[in-house]
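Protein chains in written order, with our numbering: chain V, 1 to 160; chain P, 161 to 333. First up is the structure itself, then whatever we jot down about it.
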Amino acid sequence: MSARRLIDERLPKLSGRGYEITSPRTDAYNCVAWVARDVHSWWEPGVDGFYWPPGLGDGDGLDDYIRLFESLEFERCADGQLEAGFEKIAIYGEPPEFDHVAFQRTDGTWSSKLGTLNDIKHDQLEPLAGTGVLEYGPSIVYMRRSRRPHPLAETGLIRP
Amino acid sequence: MAGTLALEEVLGTSGVTPARRDWFAAPTPADVMIPYELPRVMFRGSSGASSEGVVLPLVSQGRVVSQAPEATLWASGQLRLYVAEILASQWEDKNRGRSSLGPAMRDPICIALRRLGDDALALAMRRLEGSHRPLWLRYLQTATDERPATGATSVEGAARAWRDWGRRRGLLG
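The structure is reproduced here in structure tokens:
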């Protein structure tokens, strides 16, 4: 089955809004690693072979992921509007569970690594969220930190 | 989806209780829904006669039923492995887009897989060759008390360590 069809099946609202696949499919890294500019590790606590920063514990709830992003110098902010000098992330979940995190590019669009599927570039956050079994939790927490380079997300160097 | 399954031809009578046998009755009970298309399969009985059917009883209203009808299915080793492969594929499919795999371990499909014991471990070893390695790494660490991948720094390294463990245990050829 093609990558686009797999994504469309999971996120049907995204299908109608348009998105661009920006990497091959891989299970080597996940969305959390993508935010951290790491395409060689799967960031998740408590499993040998995965990466999780030392000292953060083994909890895998939404609050645990927020603590992780705080350790990466993100702080909560009000929304996902593009702000000069800041990079933002949008954390999806249905408390207490964490589902996904998307990264805002410098042009205001978003970049997401979809589990073991591909990286995509998408204009909006809402089409990924919903109550469907395969959609990401509808609550979104926004965080921001000073903008720093993310060349892979910006240039799309990883091409399918 | 309706199906007829000549249960006695498939399993014989060993280990099959009348209550469980009801699960195989045709037509399909109204509350049984198959969320994924299942391939039709041919079963050949000891008499040489063949019958066509689908494996119906594992999923009801989108969830694996809790009364463990698989205990009946497991009377047939071949059918048991066949169902395990279907469950594994369904589980992979449901979690393909997930980056946090904790909830997947609480999925009824995962719980049904864990009831398979070593058969599911062998299946997990084989699935470590595929494109859902993080899911199966988390499964293996959850389902066993073993930690052969301690110190691994990547999905690939951990998968290799588990496959080596599986070979030593005779779970992987």
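C-beta: ideal position from N, C-alpha, C; glycine also. All of these numbers come straight from a predicted model, not from anything done at the bench.
Using Cβ-Cβ distances below 8 Å, what residues of the region 106-131 of chain V are close to chain P? K113, L114, G115, T116 and L117
For the alpha helix (DSSP H) containing V/R145, name the first residue and the last one. Note, V/R145: premise wrong, no alpha helix (DSSP H); beta strand (DSSP E) at S139 to S146.
Does any residue of chain P bring its CB to less than 7 Å from the CB of V/W52? no
Check the Cβ-Cβ distances between V/E20 and every residue of chain P, and say whether any is below 7 Å. no
P/R258 (DSSP reduced to helix, strand or coil): Reduced to three states, the DSSP call for P/R258 is coil.
For V/F69, which of V/D48, V/A78, V/I91 and V/D119 has the nearest alpha-carbon? V/I91
Would you call V/H40 buried or exposed, if buried means 16 or more other Cβ atoms sit within 10 Å of its Cβ? exposed
Environment of P/P294 [buried if 16+ CB atoms lie within 10 Å]: buried
For V/E73 and V/D107, the rounded distance between their alpha carbons: 21 Å
Return yes when the C-beta of V/R147 is under 6 Å from any heavy atom of the ligand GDP, and no when it is not. The ligand GDP is not part of the structure shown, which contains no ligands of any sort.
Cβ closer than 8 Å: which chain V residues qualify as neighbours of P/T310? D48
Spell out the partners DSSP gives V/Q104 in its beta bridges. V/W110
Flag this pair as yes or no: are the beta carbons of V/R10 and P/G257 separated by less than 7 Å? yes
Is there a C-beta anywhere in chain V that falls below 7 Å from the one on P/A280? No, its Cβ sits nowhere closer than 7 Å to a Cβ of chain V.
For V/R10 and chain P, any beta-carbon pair shorter than 7 Å? Closer than 7 Å: yes.
Looking at the structure shown, is P/A280 part of a helix, part of a strand, or coil, going by DSSP? helix
Strictly under 7 Å for the Cβ-Cβ distance: is P/G326 near chain V by that measure? So no, P/G326 is outside the interface.
8 Å contact criterion, which P/Q250 and P/I269 should meet: CB distance rounded: 6 Å
So, with DSSP's three-state summary, where would you put V/F50? For V/F50, the secondary structure class from DSSP, reduced to helix, strand or coil, is coil.
Three-way DSSP call (helix, strand, coil) for V/A129 in this model: strand
Extent of the continuous beta strand (DSSP E) to which V/D63 belongs: Segment L62 to S71 is the alpha helix (DSSP H) holding V/D63; no beta strand (DSSP E) there.
Neighbouring residues, chain P, relative to V/S71 (Cβ below 9 Å): Within chain P, no residue comes near V/S71; the closest Cβ sits about 17 Å away, beyond 9 Å.
Does the distance from the CB of V/Y19 to the CB of V/I120 come in under 7 Å? Less than 7 Å separates the beta-carbon of V/Y19 from that of V/I120.
Out of V/L125, V/S139 and V/Q124, which has the shortest C-alpha to C-alpha gap to V/T131? Answer by Cα proximity: V/S139.
Buried or exposed (CB count within 10 angstroms, at least 16 for buried), V/S151: With the sequence shown as reference, residue 151 of chain V is identified as Pro, and Ser is not the correct amino acid for it. Exposed.
Could you confirm whether any beta carbon from chain V is found closer than 7 Å to the beta carbon of P/R287? no
Anything in chain B within Cβ reach of P/L247, meaning under 9 Å, just list it in chain order. The chain inventory of the structure shown lacks chain B, comprising the protein chains V and P.
Using 8 Å as the threshold, is the region 308-319 of chain P in touch with the region 285-299 of chain P, meaning 3 or more CB pairs across them? Verdict: yes, contact present.
V/V35: contacting residues in chain P (beta-carbon distance under 9 Å): Those within 9 Å of V/V35 in chain P number zero; the least Cβ separation is about 10 Å.
V/H40 touches chain P at which residues, Cβ-Cβ below 7 Å? Taking the beta carbon of V/H40 as reference, the chain P residues within 7 Å of it are S314, listed in sequence order.
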